[in-house]
Amino acid sequence: RVLAGVYPPSNGEIRCKGRIASLLDISLGFDLEASGYENIFLRGLYLGLTKHQISKCIDKISNFTNLGNYLSMPLRTYSSGMLMRLAFAITTEVEPDIILMDEWISVGDAKFMAQAKERLEGFISTSSIMVLASHSEDLIRSTCNKAILLGQGEILAQGSVEEVYHHYNFFGSSAFFDKDEYISIHPDLEASMSIPGMAPWMHFIRYGIFEGRSPGCGISLEAFDNDPVFTNALQSKNGLAAAERIEEIAPFLVSFVPPKGWRQNKELNYPNEFIETDGHPLISIEKSLERYS
């Protein structure tokens, strides 16, 4: 809604180049007492078109919606699916530079869904921009080529879809990382946590892990000094790979303090290739299972 201009940013600024069309609120720019045809003009004007430009699009919009005589009737008589058809047809017919969507088009019959998908794929292939807010991994992977992971208004990760889902899947299941504990054992970081996009775990994989900061739960990074997997990850500046190695080894560290709700994965394999560091021994897989059962 900030990108759509509905809300101002709480800090910073938004810079947009090109015409933005929003499908976040299908009634935006519509008059429910006016007819479908009248609303084509109203929404077209709202999108920045001239009356002449809108007139040239009316037949195409009408054909795409397949609403027939309903276009001569007030919008208050429309179902939500009919409103979406009209809004989608107008928005995409004017060929905006940027389309904003919340989830996918999910109303209408199979024919309309197929038409909508084909048109959106056409926009993407011609280098138009579509910003899609969604929780569907299948949809995001099949539609998007870049992704942003948001959490409580913060950008937690951004990059390729594969890279962002790598972050999401790892930290979504990583019980050993407690953001509150991380800040409490590193109080000098409290001020930096106010920086937009700097979540505690993002700080850890970007900076903390290279600075030797403990992620908490009794884990000392000195325990990994002799581990080639961990050290190679650090040398290649791959903080996420290094964090994954910590999660893999943590259950076998004598010093590990399982966080609340921890459940030991019984299918974990003992890390025979791990080279222990003096003062940071490992326990056997049997003792690990006993300790966390």
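Under the working numbering, think of the first position of the sequence shown as 5, with each following residue one higher. Quick reminder that beta carbons are idealized off the backbone N, C-alpha and C, glycines included. Since we're looking at a predicted model, the values are computed, not measured.
One or two residues paired with residue i in a DSSP bridge
i	result
SER76	Per DSSP, none; premise fails for SER76.
SER84	Bridge partners of SER84: none, in fact.
ILE223	GLY220
HIS284	THR281
LEU293	Beta-bridge pairing links LEU293 to no other residue.
SER26	LEU104
LEU257	LEU286
Rounded Cβ spacing between residue i and residue j (contact assumed at less than 8 angstroms)
i	j	result
SER259	SER224	7 angstroms
ILE102	ILE24	5 angstroms
ASP182	PRO263	6 angstroms
HIS4	ALA227	With the chain running from 5 to 297 in the structure shown, residue 4 is simply not present.
LEU27	LEU104	6 angstroms
TYR74	MET86	7 angstroms
ILE144	ILE152	The Cβ separation is near 11 angstroms, so there is no contact.
LEU272	PRO255	6 angstroms
GLU97	ILE133	Their Cβ separation, rounded to whole angstroms, is 17 angstroms, which puts GLU97 and ILE133 out of contact at 8 angstroms.
Where residue i falls, given that 16 or more other Cβ within 10 Å makes a residue buried
i	result
CYS20	exposed
THR54	exposed
ILE164	Strictly speaking, residue 164 in this sequence is Ser, with Ile absent from that position. Exposed is the call here.
HIS207	buried
ALA246	buried
ASP63	exposed
ARG5	exposed
ARG249	buried
VAL168	buried
ASP282	exposed
ALA120	buried
ILE209	buried
GLY40	buried
SER218	buried
GLY212	buried
THR95	buried
TYR11	exposed
Proximity test, Cβ basis, 9 angstroms: residue i and chain C
i	result
THR54	Structure shown: chain C not included; a single protein chain is present.
Contact test: residue i Cβ vs the ligand GTP heavy atom, cutoff 8 angstroms
i	result
ILE209	For the structure depicted, the ligand GTP is absent and the ligand set is empty, with no information on it obtainable.
| request: Could I get the ranges of all uninterrupted alpha helix (DSSP H) runs contained in the region 98-173, with 4 residues as the minimum, in chain order? | output: Entirely contained in the region 98-173, the alpha helix (DSSP H) runs reaching 4 residues are, in chain order, 114-129 and 141-147.
| message | Please give the ranges of any alpha helix (DSSP H) in the region 33-61, keeping only runs that are unbroken, at least 4 residues long and fully inside the region. | response | Restricted to the region 33-61, the alpha helix (DSSP H) segments that are unbroken, complete and at least 4 residues in length are 40-50, listed in chain order.
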